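With full-length UniProt numbering, the residue at position 228 of the sequence shown is 228, and numbering never jumps.
By construction, the Cβ of each residue, glycine as well, lies at the ideal position given by its N, Cα and C atoms.
Every value quoted in this text rests on a predicted model; they were computed, and no experiment measured them.
One structure is given here, and the rest of the page talks about it.
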Amino acid sequence: MAIEEKKRKHKDSSEKSHKKKHKSITKIIAPSSPASSVGSTTPAATTSFSEVVAKLYIHLAPMWSGKTMEGVNEQLNAFLMKYVPEVDGIILAHSDVQFTADKGKILYDSPFCHFFITVKFLVWKPKRGTKLVGRINLQSEDHIGLLIYGTFNASIPKSRIPSSTFEWKINEEEAVEEAVEEANEDEEVTEAVAEERTRTQYGEWINKATGSSIGGEDGTLEFNVMDIIEANDILTVTGSL
């Protein structure tokens with residue numbers, strides 16, 4: 001009797017472990033390799049966009065019964081504009097969903113339907129050593145901040161701005177005007193405003209030879225990708241001039 005009891009407990013724990021395995025969320029099993037580049041007109045052209053075909057294991061809730069594609073798209077949309085390690089980039093779009101089997105499986109006592117799909121992802125995955133173009137949205141003596149495609153953040157620290165070509169120029173008129181305004185304002189200043197004033201620092205980076213503002217009239221700047229930092233499902237690019 002004791003042996004039968006032990007066997008029964010072992011069986012129950014084994015079943016529980018199997019059940020736990022099938023409660024995981026939808027995940028990418030295997031991206032295809034290599035990924036194709038998007039926007040390349042010649043073999044030598046480089047681009048930070050790629051198309052990646054990936055295989056996913058889907059767990060579809062009963063509420064999507066009879067609306068399978070709608071449910072699949074709902075789960076795929078959860079990947080959009082996030083950094084996904086399996087494809088090593090930020091997923092921008094998905095298309096060409098294919099089911100690997102005609103029917104899904106309902107496992108154990110879970111009402112979810114389980115099945116595999118393949119899908120094509122459009123991925124933004126910049127590489128170190130390549131060039132990118134961003135629009136300047138912030139200048140300080142410590143760094144230059146940029147937006148790439150109006151969406152992704154990039155930063156060029158002072159150490160990566162060649163002092164032989166560029167220099168920080170203080171706009172004295174703006175500094176004086178700002179000081180007068182601050183003296184006349186109430187002492188209660190929001191932290192957001194204070195932070196903005198600290199970051200602008202009343203000046204800009206200019207070309208030593210020409211005296212023109214860095215980025216020109218349209219404020220765009222080409223730079224080299226030095227490092228890529230992933231945090232909180234987003235990418236931040238560190239560059240150099």
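Can you find the residues in the same chain that come closer than 6 Å, C-beta to C-beta, to residue i, ignoring five residues on each side of it along the sequence?
i: F79; result: I91
i: D233; result: K82, Y83
i: G89; result: V123, W124, K125
i: W64; result: G71
i: N137; result: G145, L147
i: P157; result: H143
i: T236; result: N153, I229
i: M69; result: none
When we look at the beta-carbon of residue i and count the other beta-carbons within 10 Å, is it buried (16 or more) or exposed?
i: P126; result: buried
i: A231; result: exposed
i: I214; result: buried
i: I229; result: exposed
i: G129; result: exposed
i: S155; result: buried
i: S50; result: buried
In the DSSP assignment, what are the bridge partners of residue i?
i: L204; result: Residue 204 is actually Glu in this sequence, not Leu. Note: E204 sits in a beta bridge opposite K169.
i: A78; result: According to DSSP, A78 bridges with nothing at all.
i: F99; result: I117
i: G89; result: V84
i: A231; result: I234
i: Y108; result: For Y108, which the question treats as bridged, DSSP gives no partner whatsoever.
i: S240; result: N224
i: N153; result: L147, T236
i: I136; result: L146
i: V123; result: S50, I91
i: S213; result: I206
Roughly how many whole angstroms lie between the Cα atoms of residue i and residue j?
i: F115; j: W124; result: 27 Å
i: I117; j: S48; result: 26 Å
i: F152; j: I58; result: 29 Å
i: N73; j: A54; result: 15 Å
i: F112; j: E217; result: 56 Å
i: K208; j: S95; result: 49 Å
i: I144; j: K103; result: 54 Å
i: L146; j: A93; result: 23 Å
i: G39; j: Y149; result: With a pLDDT of 49 at G39, under the threshold of 50, the modelled position of this residue cannot be trusted; read the value that follows with caution. Computed Cα separation, rounded: 15 Å.
i: T220; j: S110; result: 54 Å
i: K67; j: A61; result: 11 Å
i: T210; j: Q139; result: 19 Å
i: S212; j: P85; result: 41 Å
i: N224; j: L56; result: 34 Å
By Cβ distance below 7 Å, which residues in the same chain neighbour residue i in space, the five residues on each side in sequence not counted?
i: residue 299; result: Residue 299 is absent from the structure shown; the chain starts at 1 and stops at 241.
i: L76; result: H94, V119
i: M226; result: R128, R160, T238, G239, S240
i: I170; result: Y202, G203
Identify, in the order they occur along the chain, each residue of the same chain with its Cβ nearer than 8 Å to the Cβ of residue i, setting aside the five sequence neighbours on each side.
i: E222; result: K131, L132, V133
i: P105; result: First, the residue type needs correcting, since residue 105 is Lys and not Pro in the sequence shown. Closer than 8 Å at the Cβ level, and outside the excluded window around K105, lie C113, H114, F115.
i: F166; result: W205, I206, N207, K208, I214, L241
i: P162; result: L241
i: S164; result: K208
If we define contact as Cβ-Cβ less than 7 Å, is residue i a contact residue for chain D?
i: Y149; result: Checking the listed chains, one finds no chain D in this structure; it contains a single protein chain.
Legend entry - Touch test, the segment 96-108 against the segment 130-138, Cβ-Cβ under 8 Å, three pairs minimum: The segment 96-108 and the segment 130-138 do not touch, with fewer than 3 CB-CB distances between them shorter than 8 Å.
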